[in-house]
Structures are given as structure tokens and as C-alpha cells.
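Take a look at the structure set out below.
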Amino acid sequence: MDLRSRGANRFNSKKSGGVGSPFQNVTANSKIAMVNNALGNRSLKRNQGSSVEVYDYITQTAGTIGTSQTLTFFSNVNTKNFPLTNVQQNQLQVGESLSVEYIAFTRISQVTATGSITECTALVTTIGGMNLGQFSFNLDNSRIIKINSLIRTNSVFNPKGTTGVSNLYFPDTDLVIPPQISYTLELRTPVNNDTIAAGTTISYGCHLFGTGSILNLKTNV
Numbered sequence: 534m535d536l537r538s539r540g541a542n543r544f545n546s547k548k549s550g551g552v553g554s555p556f557q558n559v560t561a562n563s564k565i566a567m568v569n570n571a572l573g574n575r576s577l578k579r580n581q582g583s584s585v586e587v588y589d590y591i592t593q594t595a596g597t598i599g600t601s602q603t604l605t606f607f608s609n610v611n612t613k614n615f616p617l618t619n620v621q622q623n624q625l626q627v628g629e630s631l632s633v634e635y636i637a638f639t640r641i642s643q644v645t646a647t648g649s650i651t652e653c654t655a656l657v658t659t660i661g662g663m664n665l666g667q668f669s670f671n672l673d674n675s676r677i678i679k680i681n682s683l684i685r686t687n688s689v690f691n692p693k694g695t696t697g698v699s700n701l702y703f704p705d706t707d708l709v710i711p712p713q714i715s716y717t718l719e720l721r722t723p724v725n726n727d728t729i730a731a732g733t734t735i736s737y738g739c740h741l742f743g744t745g746s747i748l749n750l751k752t753n754v
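The letter at position 63 of the sequence shown is residue 596 when you use the numbering used here, and the numbering goes up by one with no holes.
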């Protein structure tokens with residue numbers, strides 16, 4: 534099933550005679566098609582719709598942990614391997630796209646000697662004060678999320694959390710990552726009480742989830 538059959542053209546407003554309305558809710562599929570049409574990637578809407586996730590982890594050191602620092606996720610994924618990332622470049626491949634519907638900020642603990650993961654938690658629930666961390670999202674040289682705090686990832690303040698405890702960040706508009714355009718996410722952490730125990734490696738992570746597309750050779754070749 535391609536993106537068109539999943540509602541990629543719903544952004545056309547019937548009330549306005551087929552002209553897209555800025556006040557109409559746009560589905561993630563429609564946003565992908567609309568953005569890529571504007572960029573000249575008109576064939577992308579015929580690709581296979583899919584659930585897409587990209588993530589990256591940055592390892593902390595004794596000198597950085599607990600300090601105020603700026604972490605740039607996805608910028609050096611080519612130097613990392615599983616399980617610290619699931620991509621090898623900070624660009625989606627030809628035919629791929631992602632409409633970011635939610636973001637997870639996480640923290641993992643590993644046994645340094647073996648790499649065994651002993652803990653994976655939400656960053657804001659593990660580290661006090663991390664709700665006041667600030668992040669920006671950059672697409673190529675354009676900043677498309679500018680200095681938002683992590684306060685809404687606290688379940689008490691989460692406007693879209695559907696469970697008793699939800700630590701996801703839900704953007705107010707789906708952010709489309711087109712193919713072959715670089716992306717990074719910068720997270721500025723406040724001074725905090727996080728520490729590294731002996732024999733342990735601590736890493737902070739960022740996961741981007743949402744509806745996306747993958748190359749459909751049957752319709753594109």
C-alpha cells in the first residue's frame with residue numbers, strides 16, 4: 534500500500550475548492566506528500582508507507598556527566614554501531630522519508646567490560662531537573678524546532694500522553710525529514726546530579742518515531 538492510498542492527498546480542502554487550508558488538520562501521510570511535492574520529489578508519495586524510527590546515543594564521560602552541555606544527536610552516527618544507533622548517516626536514503634510524530638529522550642547504562650545493557654529509562658525520570666533541558670531540531674541549515682524544553686515529557690504536563698505515565702515529546706506539528714537532507718537534534722542539559730558508577734558506561738539517547746516511507750521498487754523502477 535503506497536502513501537497515496539493511505540490518505541496522502543487529504544490536505545486538499547473540499548470547502549475551498551481543492552485548495553489546501555492552513556487550518557485543516559493534515560495527516561502524517563499528507564504532510565510527507567505535501568513537503569516532498571514542494572521539493573520536487575513527486576514520486577515519493579507512491580512509495581511504501583511504513584513505521585520509521587531513527588535513533589542515536591551519545592556516551593557520557595566523567596568530565597561531562599552532570600554538567601550543562603549541548604549534545605548534538607545524529608551528527609556522528611557513522612562512527613557508531615548497534616545498539617547505540619540504527620543509522621549510519623544523518624540522512625534518509627533515496628525514497629525514504631519520516632514524519633516525526635513523537636520523540637523519546639532516554640538513558641542507558643552498560644557494563645563497560647562487556648557492553649551488556651543493564652538499564653534503559655526515560656531521561657527525565659532518571660535525572661532530576663532534566664525537564665528543563667532545551668532542544669532544537671535542525672533540518673539541513675534550517676532550525677524547525679527552536680528551543681523547546683522537555684517539560685511536556687513529564688507525565689504530569691504531557692498534553693498528548695495516552696497512558697498513566699508517558700514521557701514522550703509530541704510535536705504540535707509533524708516534522709517531515711525528506712530523503713538526502715541532513716538532520717540533527719541539539720539537546721542542552723542543565724547542571725544535574727547524574728553520575729557514572731565504576732565499571733559502568735552511561736549514554737543519553739534520542740529516538741525519532743513516526744509514519745514514513747520506504748522505497749517501493751514495483752512503482753519506482
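Using N, Cα and C, we set each Cβ at its ideal position, and we do this for glycine too.
Where the beta strand (DSSP E) through residue i begins and ends
i: THR612; result: No beta strand (DSSP E) contains THR612, which DSSP labels as neither H nor E.
i: LEU701; result: Run containing LEU701: none; DSSP gives neither H nor E here.
i: SER654; result: Here residue 654 is Thr; the residue named in the question, Ser, does not match the sequence. Taken as a continuous stretch (DSSP letters only), the beta strand (DSSP E) holding THR654 covers 650-655.
i: ASN681; result: 675-682
i: ILE526; result: No answer is possible for residue 526: it lies beyond the span of the chain, which begins at 534 and ends at 754.
i: THR722; result: 716-722
Pair within 7 Å by beta-carbon distance, residue i and residue j
i: THR734; j: THR645; result: yes
i: LEU720; j: PHE668; result: yes
i: ILE598; j: ILE729; result: yes
i: SER688; j: VAL698; result: yes
i: GLU586; j: PHE742; result: yes
i: ARG640; j: LEU656; result: yes
i: PRO723; j: SER642; result: no
i: PHE638; j: THR717; result: no
i: ILE710; j: ASP673; result: no
i: ILE660; j: ASN725; result: yes
i: LEU708; j: ILE677; result: yes
Strand pairing of residue i, partner residues [DSSP]
i: PRO616; result: In DSSP, PRO616 forms no bridge with anything.
i: GLN593; result: Paired residues: none, contrary to the question.
i: ASN671; result: ARG676 and THR717
i: GLU586; result: PHE742
i: ARG640; result: THR654 and TYR737
Per-residue DSSP class, three states only, for residue i
i: VAL627; result: coil
i: ILE598; result: coil
i: ASN664; result: helix
i: THR647; result: coil
i: THR658; result: helix
i: THR605; result: strand
i: PHE742; result: strand
i: GLY540; result: Low confidence applies here, because GLY540 scores a pLDDT of 45, under 50, leaving its location unreliable and the question unanswered by this model.
i: SER736; result: strand
i: THR728; result: coil
Residue i, buried or exposed, once every other Cβ within 10 Å from all chains shown has been counted against 16
i: GLY662; result: exposed
i: GLY745; result: buried
i: SER584; result: exposed
i: PHE800; result: No information on residue 800 is available, as it lies outside the stretch 534 to 754 that the chain covers here.
i: THR654; result: exposed
i: SER736; result: buried
i: GLY732; result: exposed
i: ASP589; result: buried
i: PRO712; result: buried
i: ALA610; result: The displayed chain sequence assigns Val, not Ala, to residue 610. Classification for VAL610: buried.
i: ILE636; result: buried
i: ASP727; result: buried
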